[in-house]
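One structure below.
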Amino acid sequence: MLTGTAEVPPAPGAGGRLRPAPGSPRSVAAYAFVAPAILLIGVFFFLPVAAALVLSFTDFDIYGIADAANVRFVGLRNYTRLLGTPLFWTALKNTFYFALVGGPLSIAVSLAAALLLNAKGVRLRGLFRTVYFAPFVTTLVAVAIVWRYIYHTRYGLLNYGLGLFGIDPIDWLGDPRWAMPAIILLAVWKNFGYNMLIFIAGLQSIPEELYEAAKIDGANALRRFWHVTLPALGPTMLFVSIITMIGF
Numbered sequence: 001m002l003t004g005t006a007e008v009p010p011a012p013g014a015g016g017r018l019r020p021a022p023g024s025p026r027s028v029a030a031y032a033f034v035a036p037a038i039l040l041i042g043v044f045f046f047l048p049v050a051a052a053l054v055l056s057f058t059d060f061d062i063y064g065i066a067d068a069a070n071v072r073f074v075g076l077r078n079y080t081r082l083l084g085t086p087l088f089w090t091a092l093k094n095t096f097y098f099a100l101v102g103g104p105l106s107i108a109v110s111l112a113a114a115l116l117l118n119a120k121g122v123r124l125r126g127l128f129r130t131v132y133f134a135p136f137v138t139t140l141v142a143v144a145i146v147w148r149y150i151y152h153t154r155y156g157l158l159n160y161g162l163g164l165f166g167i168d169p170i171d172w173l174g175d176p177r178w179a180m181p182a183i184i185l186l187a188v189w190k191n192f193g194y195n196m197l198i199f200i201a202g203l204q205s206i207p208e209e210l211y212e213a214a215k216i217d218g219a220n221a222l223r224r225f226w227h228v229t230l231p232a233l234g235p236t237m238l239f240v241s242i243i244t245m246i247g248f
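Numbered by our numbering, the letters in the sequence shown go through residues 1 to 248 in order.
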């Protein structure tokens, strides 16, 4: 009489997948499919980054391309000169200003647009999605030309609208006080459509039963958004935040 318990191996796909052994035909085929992508990433991303890092410790310049033998190692001298340049700190400040203001603003606008388009009773939903997503797929050259006319000091639509209220024209791109807000507004308008579609997908994946249970408990719209929508959008919010900060 057997007293032990026989262990039944898990069925394929039930408890886990069996990995192909190294050197097996499936493993070789998998590496063959991945190899071109890895090669391209290595040649056009990792190799230039490594080369730039190495060259940053030398006195390499444009003439070093033709006379690489005279390129000398200078250690941290380039970094010391960079840290001592006032323009570096100005550029760093502007970069942080652009990213820390434009990034969260783009996420907030994208989420607001997604909530509006995902609401019940919205007509022409597909049309609005297309219109909001159109700036993202529009070429940057065309966008720059259009917004250059919008921001034009004398003939721009924005200053024309301000003039209707008796406000003097503003040099949006020439005044240091307004140049960065104007560029941030352009960047938000250009990029929020992509994040909006991701948020819409996240909103549609939230079970409707959660909202119905919250309504039964007496939660109003604001509480449902705060206690149901935002927690359920946690992974989506993380993904959107990462790709937005990378893009900005």
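The beta carbon of each residue, even a glycine, is placed where N, CA and C say it ideally should be. Since we're looking at a predicted model, the values are computed, not measured.
Supposed contact pair residue j and residue i - C-beta distance, whole angstroms, cut 8 Å
i: S320; j: T244; result: Since the displayed the chain opens at 1 and closes at 248, residue 320 lies outside it and no answer follows.
i: A182; j: Y151; result: 6 Å
Whether residue i touches residue j by CB criterion (8 Å)
i: W172; j: L158; result: yes
i: F239; j: I200; result: no
i: M180; j: Y79; result: no
i: A161; j: P169; result: Here residue 161 is Gly; the residue named in the question, Ala, does not match the sequence. Cβ atoms of G161 and P169: not closer than 8 Å.
i: R224; j: A232; result: no
i: L83; j: W147; result: no
i: A219; j: H227; result: yes
Spatial neighbours of residue i in its chain, beta-carbon cut-off 7 Å, leaving aside the 5 residues before and after
i: T58; result: V71, R72, F73, V74
i: V109; result: V188, F192
i: P9; result: For P9, the predicted structure reports a pLDDT of 49, less than 50, and the residue's modelled location is therefore unreliable. The matter cannot be settled from this model.
i: E7; result: Confidence at E7 is low in this model, with a pLDDT of 47, below 50, so its placement is unreliable and no value can be given for it.
i: F128; result: L117
i: T236; result: I198, F199, G202
Beta-carbon proximity list for residue i, same chain, < 6 Å, skipping 5 on both sides
i: F248; result: A99, G102, G103
i: D61; result: none
i: G13; result: Confidence at G13 is low in this model, with a pLDDT of 48, below 50, so its placement is unreliable and no value can be given for it.
i: G4; result: Reliability of the predicted coordinates at G4 is poor, the pLDDT of 46 falling under 50, and the value obtained from them is presented with this limitation in mind. Nothing meets the Cβ criterion.
i: T153; result: P169, D171
i: G64; result: V71
Own chain, CB closer than 8 Å to residue i, minus 5 neighbours either side, in chain order
i: Y149; result: Y155, G156, L157
i: L76; result: F57
i: S241; result: G103, I107
i: P125; result: Looking at the sequence itself, residue 125 is Arg, so the reference to Pro does not match. Around R125: L117.
i: V143; result: P135, L186, K190
i: L140; result: K190
Beta bridge counterpart(s) of residue i as assigned by DSSP
i: T58; result: F73
Residue i beta carbon near the ligand ADP (any heavy atom closer than 7 Å)
i: T90; result: The ligand ADP is not part of this structure, which contains no ligands at all.
Query raised in the report: Any chance the region 174-194 sits against the region 127-143, with 3 or more Cβ pairs inside 8 Å?
Result: With the cut-off at 8 Å, the region 174-194 and the region 127-143 touch.
**Report entry** contact_flag[the region 203-212, the region 112-125] where n(CB pairs < 8 Å) is 3 or more
**Finding:** The region 203-212 and the region 112-125 touch, with no fewer than 3 CB-CB distances between them shorter than 8 Å.
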